[in-house]
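Its first residue numbered 19, the sequence shown is counted upward by one per residue in this note's numbering. Backbone N, C-alpha and C define an ideal beta-carbon position, used for all residues, glycine too. All values derive from a computational prediction rather than experimental measurement.
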Amino acid sequence: PNAITVAKEMEEQGQKLMAIRLDSGDLAYLGKRARQLLDAAGLEYVKIAASNQLDEFVIKSLQEQDAPIDIYGVGTNLVIGKPDAALDGVYKLTFSDGKPRIKISESLIKTTLPHRKQVYRMKDKNGECAGVDVIAMENENDTELSKVFHPSEPYKFLDVSAYQKEALLQPVMENGIMKIKKRTLSEIAAYSKSRLAELPLEYKRFNNPHIYKVSISEKLKAERDRLISEHKM
Numbered sequence: 019p020n021a022i023t024v025a026k027e028m029e030e031q032g033q034k035l036m037a038i039r040l041d042s043g044d045l046a047y048l049g050k051r052a053r054q055l056l057d058a059a060g061l062e063y064v065k066i067a068a069s070n071q072l073d074e075f076v077i078k079s080l081q082e083q084d085a086p087i088d089i090y091g092v093g094t095n096l097v098i099g100k101p102d103a104a105l106d107g108v109y110k111l112t113f114s115d116g117k118p119r120i121k122i123s124e125s126l127i128k129t130t131l132p133h134r135k136q137v138y139r140m141k142d143k144n145g146e147c148a149g150v151d152v153i154a155m156e157n158e159n160d161t162e163l164s165k166v167f168h169p170s171e172p173y174k175f176l177d178v179s180a181y182q183k184e185a186l187l188q189p190v191m192e193n194g195i196m197k198i199k200k201r202t203l204s205e206i207a208a209y210s211k212s213r214l215a216e217l218p219l220e221y222k223r224f225n226n227p228h229i230y231k232v233s234i235s236e237k238l239k240a241e242r243d244r245l246i247s248e249h250k251m
């Protein structure tokens with residue numbers, strides 16, 4: 019009611035209230051009730067913003083309940099990266115002094131992939147994402163990619179010779195010089211949305227999404243196997 023009073027006073031001054039904010043309680047119920055009151059007062063143009071520990075699951079629930087929320091204020095959970103608040107990383111050398119390097123572990127899955135690399139995305143004849151990327155050596159041409167292997171289960175392989183290949187990696191900075199055109203935030207956001215839209219729905223669903231496959235090229239596998247064998251000699 020107070021927001022409606024303020025909105026009416028603003029109208030008298032030739033202004034419009036942009037939105038009201040809900041930040042506690044049952045957001046679905048309160049959103050519907052607020053929409054009813056605003057519409058009944060002739061304030062259909064006033065939007066409803068919601069906040070309070072929002073994440074993708076809360077937002078999805080609100081949408082499934084047809085909550086008339088126009089603006090979602092995601093703060094804490096966007097900044098802290100919940101549920102994985104920390105991104106652990108360890109530096110592993112893979113190329114030095116013109117030679118490929120490897121860190122060998124008892125487990126193949128923990129053994130690093132040597133050499134400088136390029137990553138190729140496989141696409142079908144219609145240019146649609148095939149659900150698999152291939153890590154190859156930097157000096158491999160995409161036309162050389164035919165048989166690719168599971169990174170840690172060497173007897174599993176896939177024939178990708180019929181797929182189109184899109185190289186994903188490009189130099190961004192070399193010797194302190196920017197190698198790509200600078201993009202605005204709007205351009206970055208639009209590009210990210212377009213790339214995400216290319217992924218098939220089964221990889222983006224909330225429940226039991228498909229695991230996106232990443233394979234290694236035959237040459238990269240051979241290079242890794244060679245270095246492991248040399249170490250064991």
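A check of alpha carbon separations from residue 87 across 219, 64, 107 and 105 identifies 64 as the nearest. Only exposed fits residue 250, as fewer than 16 other CB atoms lie within 10 angstroms of its CB. Judged by DSSP in its simplified three-state form, residue 59 adopts coil rather than helix or strand. Counting along the chain, residue 108 sits inside no alpha helix (DSSP H), nor does DSSP assign it H or E at all.
With contacts defined as CB atoms closer than 8 Å, residue 46 and residue 85 qualify as a contacting pair.
Just measuring C-alpha positions, the residue of 161, 25 and 67 sitting nearest residue 60 is 25. According to the DSSP secondary-structure assignment, residue 184 is paired through a beta bridge with 139.
With fewer than 16 other beta carbons inside 10 angstroms of its own, residue 208 counts as exposed.
The stretch 135-145 makes contact with the stretch 182-191; the number of CB pairs closer than 8 Å reaches 3 or more.
Residue 128 carries a helical assignment under DSSP once its states are collapsed to helix, strand and coil.
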